[in-house]
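In what follows, a single structure is set out as structure tokens and then discussed.
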Amino acid sequence: MDQGRLVAVGTHQELIASNPLYARLAALQFSDGQAAS
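According to the numbering used here, the sequence shown is numbered sequentially starting from 1175.
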């Protein structure tokens, strides 16, 4: 979603591969709270 609009559709793996913002948000959601280096 971007400003209320759907911007990408796919499975979790497809979105991670094709959408850098989605990949970053997924990484943050599933991390243990430590910043990746």
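Just so it is clear, CB atoms sit at the ideal spot from N, CA and C, and this is done for glycine as well.
These figures come from a predicted structure and were not determined experimentally.
*asked:* In the DSSP output, which residue or residues are listed as bridge partners for residue 1176?
replied: Bridge partners of residue 1176 according to DSSP: 1179.
*Presumed contact (8 Å Cβ cut-off) between residue 1192 and residue 1182, rounded CB distance*: Right, the Cβ-Cβ distance comes to about 7 Å (below 8 Å), so this counts as a contact.
*Per DSSP, what kind of secondary structure is residue 1192 in: helix, strand or coil?*
Taken through DSSP and simplified to helix, strand or coil, residue 1192 comes out as helix.
*Closest residue to residue 1176 among 1195, 1184, 1190, 1187 (Cα-Cα distance)*: In this structure, 1195 is the residue among 1195, 1184, 1190, 1187 with its C-alpha nearest to the C-alpha of residue 1176.
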